[in-house]
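Trainee:
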Amino acid sequence: MASDASTSTWKGFCGNSGFWEPSLLNSTHPDLSPCFQETVLSWVPLLFLWLVAPFYLWYMWKHDRGRIPVSRLHRAKTVLGGLLIILFLAEVGFALAQIIMPNRQIAGVYLLTPTLTALTMILAFAIIQIQRIKGVETSWVLFMFWLLVATCGIVEFISRIYSILHTDRVNFDLFHFVTFYIYYALVLAQLVCSSMVDRMPYSSTDENPCPEASVSFLSRQTFWWFSSMVLKGYKKSLTADDLWSLMERDKAATVMPRFLKAWKKEKLRSDLSVHSPTPKQKKMGNQVPVQKLDEDGDTPHKNEVKFSGPNLQNGKGADHSATEAESTTRSYKASLFKAIVRTFGRVFLVGCFLKLLHDILLFVSPELLRGLIKYTADKDVYPWEGYMYACLLLASTVLQSFLLHQYFHICMLTGMHMRTALIGALYRKALILSNSARKDATTGEIVNLMSVDAQRLMDLCTFVNTLWSSPFQILVALFFLWRTLGPSVLAGYGAMALLIPLNAYVAVKIRSIQARQMKEKDARLKLMNEVLNGIRVLKLYAWEMSFRDKVMEIRNREVRLLRMSSYLQATMTFLWTSAPFIVALLSFAVYVLVDEENVLDAEKVFVSISLFNILKFPFSMLPSMISRTMVGHVSLKRIENFLMKDELDSENVERSVGDHALHIHDGDFAWSKDGNLILKNINVDIQPGSLVAVVGQVGCGKSSLLSALLGEMEKTGGAVNVNGSVAYVPQQAWIQNATLRGNVLFGAPMQETEYQRVIERCALAPDLEILPAGDLTEIGEKGINLSGGQKQRVSLARAVYNNADIYLLDDPLSAVDSHVGKHIFEQVIGPEGLLKRKTRVLVTHGISFLPQVDRIIVVVDGEITEAGSYTELLSRNQAFAEFLRNYSTEADEIEDQAGEDAETKAVEGSPTQREVNPNKISTAMKSHQEEEALKKQISRDQLKKQREQDATKAALAKEGDTLIKKETTETGMTSLRVFLLYIRSLGNLLFLLIFLLFALFNADAVFINVWLSRWSSQEPVNGTSPEEIRDRYLGIYGMLVFLQGILLLFASLLLAAGVLRASRSLYRRLLTNILRAPMMFFDTTPTGRILNRFSKDTYSIDENIPFAVASFLRMFMLVVATFIVITWSTPLFGIVILPVIIAFALLQRFYIATSRQLNRIVSVARSPIYAHFSESIAGATSIRAYNSLERFIEENQSLVDKDQTAYYPNIISNRHFTVCHKEMRYCYCKGITAELSCFVLQEKP
């Protein structure tokens, strides 16, 4: 009754048509009812636009890119939209006229649907106009809308043609027939227009924008917009200049703030959890405000005050009482994982959803295959069913491909953003590390975090969904296999379940081994960084091979751990790759053995094989991803632990306005919170505009006093106030790899008059005359092409040009000649110098300058013992007088020595002396006598080294202005010599054996399917299979599966051993060649570039290349074996496949030229990041002193953006090739399927 009432309701609304025809599927020409077409098929597109439009309009309102000029495309869209509105208003008018006319009845659907459609067309028309105003060149919303309208209209398009051919012309509705086809033509035209792109907005200023932002929705989804880059890469070798600009979405300046905001929330939550005082602590008064530096180097607002115990920072206690209190208050630890999820989780979830849809569609193909097999076996089905199955199979496969490509694109893009964020966070953290934290984190270790750990987490993003996708696919496959083979499938799955605890145990072992391996990697990079920084000393004493052995000792330990991990991974790969075959063997065996009537026919075998093939991917990827996840977890914790290290406390120095320029009251300072006091009971008052000298014996704490004023030391007591900006000249000059002018300006704007005055006063004018390009001469890394005195003068010029209020000068005259020092003091530092109105604190050993200073501070053993004018201190005859007597004697002896050997004087201030400088060695001496003895011992070595340095400088001057050579990118095909080198490193015989094992493994896998096909083709006798035939096929099938497992096990283990052998051999050759390189190489090659070879590139050889080699061998052998089997069974296939092979070879050659060059550009683009990082760490104190943290952070972001500019096209090139490859494959395979279907249809009676 309810069904009859529903039918009458629909007939009342739709006229004489019912909503659904019961006989639809039992017809030779099935056709949907007019009611269904006018409601569901018409309303679905309308509903989509009305649901999406509010959000889309809000998005356009928030993202105004500027008005687009009126174009032909916009006019065409406007005209077509207007015609559609007029057309449906005419339909509404026609329906109303029908209602008004007497004796005429019209169904309600013919008035409601045109009205809704007219309103929707008005909405679409409005969106077209708003898009132009807001600068939207193309719209995915309208494209999807017109595509839905056109797709749903296909049914009505065919139905109306069929109806005019098979119905009475008297009842023919001419008006609706004509209007529909006009409407459908206009919709197709709108769809074509929506596939095109409008002009760029007026406000666009990018000279080389990435076309992705302005291509059509269809082009973006198929990655077709990248074709122009592929074509350019095929015509010529790509360079960095050929790459498009990075989109705003992908820039570090866009990504970093989001991540830092999430990480700061985690840190704040952790700090509040750790530092919240208990009632007992409140009674003890353990509330001390601690204001900490932001992650980006800025100081928080004054009202952002955090509380902690006296010896707590970041949750680390310094004494037992603090530790005990901490243990009672700790409730939360900052989680880097949560910060990453909070930043990138939403976009990543979209990828997860696409992956879920893809996995669901995976199991549609076996069911469609089941229907197609039934169709070929049943002679009573309608022909249209075969076409339907073939079309649905094609549509399902294409949709799977589309979803999979978008999923990979989203995950790879998320991984790229995550790596950008992590590198930025690591760089920021490294610049504000406390002294105690810096002891545990060397430059090499942090570079390892940037290059290896961040890379691992980025790679993990691509496949981490396998952890839930694989179990999902396995369970769904179990359901469909149960439908096919019944409970017998549980036998196979039961065997698989036994692997789970074994897999868990192996995963835990791998994680433990990987943690130990990363420690060894850190130690290796730490030692390599020290070797590269001290390479002059190593070559001076011929210690290269000795240090090579030290590095190789660590490398061997690392390789041993890597070998253990690789063998465990190879075992896991063997078990899980064999799992589908074991499941199939046990399932088929139990199925045919439990009941004689269970016969394997074509449907059961091919559907089951299809499902077992689906299981191959999750079974093969799951162990690998568990291992990678364990490794990723180790990397995540390593980065998290580094980001949680102590930072310099901004409360060490208060920035306030007062009567004093510098003020310290009862100050106690140490280099770490739990370290010994270096400075005690410090009281300093320095008036603005005064010149104060700090003197004392070597190692008494003079430089530490300046560090305390800069906030570089831990203040354990007292107060420090600084009133004004600060410029700092360190004792060891820090020089950037930039031009001499860039080093002096240090980010400040160029003012020619002031600049020239600073150059003259700092005695740099004569040096500019002899430099190849004057002040535009490039200064090598660490100032390699400047003498010690020149570097010190450049450092002083930088400070002077900075025009700060306060100048902290740490013995700036020690590295210059006496007459130059006198000139600098008179012209710059002294009472009549350029800085005479500035506050100057001068640490010096030059006693001749002391009478001219306003005040002298004498430091003895970390305490200020005297302070006053020169005459006052001299009259007291205490520590200052003793200091004068000692240094007067030393100065006379040095003067005599200089007179006896003029060539020795020429060595002073040279780059060599920076490595073995007697004055700096003296800082570690306990007595003046030891210092003098060492001077005489090494003077001869200095003279020899000086001649070598002079030759180097002469050679550099001849080469021109560029000292640091730009890292070049190889062009053209990868040389065969490179592949042969890797094969020889792996071992020729071992490679041949691995190759043979993989060939036999894949041949066995293909023959298993052939054997099952033969088994299923056996005709049953009386509904059963003869026992002897069943046992023979089952026995051989089991033997083939067992043989396949053995082949895979040996192939995996030998491959693991071979690639590690190659990795160790290549690393040793690399290390030996680097250490044997001449000093010219190290003078012209940044340390970061060399470290990139020993970190990221070594990681690729250790872990990425083995995976690529294994994948290549499996796929190559599988393709060859499949082609051989198909050609052997169907010789005609060999003729058909030949043009396909040629087409694929041409496609690969066309694509590989671009992909190869992009990979090379990426490798080159990463070196500057590490070089800049190493340079920044060396000058972190100066960067902080000049308040230049933000500028250096922006430089780091710029370098990361350049790297991503090369990396992002590399991602797209992979997607572009895969789309082209798969579409060609689908067209070929489905074309053959269509031909076979037509052949079957012709054969059916």
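Count the sequence shown with full-length UniProt numbering and you get residues 1 to 1245, in order. The C-beta atom is built at its ideal place from N, Cα and C for all residues, glycine as well.
Helix, strand or coil for VAL559, going by three-state DSSP, please let me know.
Mentor: DSSP places VAL559 in helix when its eight states are reduced to three.
Trainee: Given TYR234, which residues of its chain have a CB within under 7 Å of its CB, disregarding the five upstream and five downstream residues?
Mentor: Same-chain partners within the cutoff: PHE1150, ALA1153 and THR1154.
Trainee: Buried or exposed for HIS63, please, with buried defined as at least 16 other CB atoms from any protein chain shown within 10 angstroms of its CB.
Mentor: HIS63 is exposed by the Cβ-count criterion.
Trainee: Using the Cβ count rule (16 or more neighbours within 10 Å means buried), how would you classify GLU900?
Mentor: Note that GLU900 scores 37 on pLDDT, short of 50, meaning its location in the model is unreliable and no value can be drawn from it.
Trainee: Could you tell me the boundaries of the alpha helix (DSSP H) in which TYR1186 lies?
Mentor: Taken as a continuous stretch (DSSP letters only), TYR1186 belongs to no alpha helix (DSSP H), as it is neither H nor E.
Trainee: Could you check what DSSP says for LEU498 in three-state terms: helix, strand or coil?
Mentor: Three-state result, LEU498: coil.
Trainee: Between MET450 and LEU431, what straight-line distance do the alpha-carbon atoms span, to the nearest angstrom?
Mentor: Rounded to the nearest angstrom, the two C-alpha atoms are 14 Å apart.
Trainee: Out of curiosity, what's the CA-to-CA distance linking ASN435 and SER1176?
Mentor: Their backbone Cα atoms lie some 16 Å apart in a straight line.
Trainee: Kindly identify the DSSP beta-bridge partner or partners of HIS665.
Mentor: Note: HIS665 sits in a beta bridge opposite ALA719.
Trainee: DSSP three-state call for LEU855: helix, strand or coil?
Mentor: The sequence shown places Arg at residue 855, rather than the Leu named in the question. Here ARG855 sits in strand by DSSP.
Trainee: Could you give the DSSP three-state label for THR138: helix, strand or coil?
Mentor: If DSSP states are grouped into helix, strand and coil, THR138 belongs with coil.
Trainee: Would you mind reading off the limits of the alpha helix (DSSP H) that contains ASP685?
Mentor: First-last for ASP685: 677-686, but that is the beta strand (DSSP E), not the alpha helix (DSSP H).
Trainee: Classify GLU1027 as buried or exposed, calling it buried when 16 or more other Cβ atoms lie within 10 Å of its own Cβ.
Mentor: By the 10 Å Cβ count, GLU1027 comes out exposed.
Trainee: Name the one or two DSSP bridge partners that GLY868 has.
Mentor: ILE856.
Trainee: Less than 8 Å between C-beta atoms, sequence neighbours within five positions excluded: which residues of the same chain meet that for GLN37?
Mentor: VAL155, GLU156 and SER159.
Trainee: Have a look at LEU502 and LEU490 and give me their C-alpha separation to the nearest angstrom.
Mentor: So the alpha carbons of these two residues sit roughly 19 Å apart.
Trainee: For the beta strand (DSSP E) containing THR839, name the first residue and the last one.
Mentor: First-last of the beta strand (DSSP E) with THR839: 839-843.
Trainee: Let me know the secondary structure DSSP gives ALA1057 once reduced to three states.
Mentor: DSSP places ALA1057 in helix when its eight states are reduced to three.
Trainee: Roughly how many whole angstroms lie between the Cα atoms of ASN613 and LEU593?
Mentor: Near 23 Å, if we compare the C-alpha coordinates of LEU593 and ASN613.
Trainee: I'd like the span of the beta strand (DSSP E) that includes ILE806, first residue to last.
Mentor: 806-810 is the span of the beta strand (DSSP E), which, as asked, contains ILE806.
Trainee: State yes or no: is the beta carbon of ARG160 nearer than 8 Å to at least one beta carbon in chain B?
Mentor: Among the chains of the structure shown, chain B does not appear; only one protein chain is present.
Trainee: List the whole-angstrom C-beta distance separating residue 1262 from LEU148, where the pair is believed to meet the contact cut-off of C-beta under 8 Å.
Mentor: The structure shown does not extend to residue 1262, since the chain is modelled only from 1 through 1245, so no value can be given for it.
Trainee: Between the beta-carbon of VAL828 and the beta-carbon of GLY789, is there less than 8 Å?
Mentor: No.
Trainee: On the premise that VAL729 lies in contact with LEU835, defined as a C-beta separation below 8 Å, what is that separation, rounded to the nearest angstrom?
Mentor: Rounded, the Cβ-Cβ distance is 11 Å, inconsistent with contact.
Trainee: Give me the Cα-Cα distance between ASP522 and LEU561, rounded to the nearest whole angstrom.
Mentor: Each residue's Cα considered, the two are about 14 Å apart.
Trainee: Tell me, please, whether the region 744-754 touches the region 682-700 by the rule of three or more beta-carbon pairs shorter than 8 Å.
Mentor: At 8 Å Cβ cutoff, the stretches do not touch.
Trainee: VAL726 by DSSP, collapsed to three states: which one?
Mentor: Reduced to three states, the DSSP call for VAL726 is strand.
Trainee: Between the region 240-259 and the region 408-422, do three or more beta carbon pairs fall short of 8 Å?
Mentor: Yes: at least three Cβ pairs fall under 8 Å.
Trainee: Using C-beta distances below 8 Å, list every residue in its chain close to THR1205, excluding the 5 sequence neighbours before and after it, in chain order.
Mentor: The residues are ALA240, LEU243, TRP244, SER245, LEU246 and ALA1165.
Trainee: What distance in whole Å lies between the Cβ atoms of SER1016 and VAL607, which are believed to be in contact at a cut-off of 8 Å?
Mentor: Going by Cβ atoms, the distance from VAL607 to SER1016 rounds to 11 Å, so no, they are not a contact pair.
Trainee: Do you know how far the Cα of PRO201 is from the Cα of PHE55?
Mentor: Distance between the alpha carbons of PHE55 and PRO201 is about 22 Å.
Trainee: Under a Cβ-count criterion, where at least 16 other Cβ atoms within 10 Å of its own Cβ denotes burial, should GLY1088 be classed as buried or exposed?
Mentor: By the 10 Å Cβ count, GLY1088 comes out buried.
Trainee: Counting only the same chain and skipping the five closest in sequence on each side, list residues whose C-beta sits under 8 Å from that of LYS805.
Mentor: Residue identity check: residue 805 is Asp in the sequence provided, not Lys. Within the same chain, ASP805 has close Cβ partners ALA661, PRO688, ASN723, GLY724, SER725, VAL726, LYS838 and THR839.
Trainee: If we ignore side chains and look at the alpha-carbon of each, how far apart do MET458 and MET412 end up?
Mentor: C-alpha separation (whole angstroms): 8 Å.
Trainee: If you drop the 5 nearest sequence neighbours on each side, which residues of the same chain put their C-beta closer than 7 Å to that of ASN208?
Mentor: For ASN208, where only same-chain residues beyond five positions count, the Cβ hits under 7 Å are TRP244 and SER245.
Trainee: Taking the alpha carbon of PRO623 as the point to measure from, which residue in TRP468, GLU385 and MET60 has its own alpha carbon closest?
Mentor: If we check each option's Cα against that of PRO623, TRP468 comes out closest.
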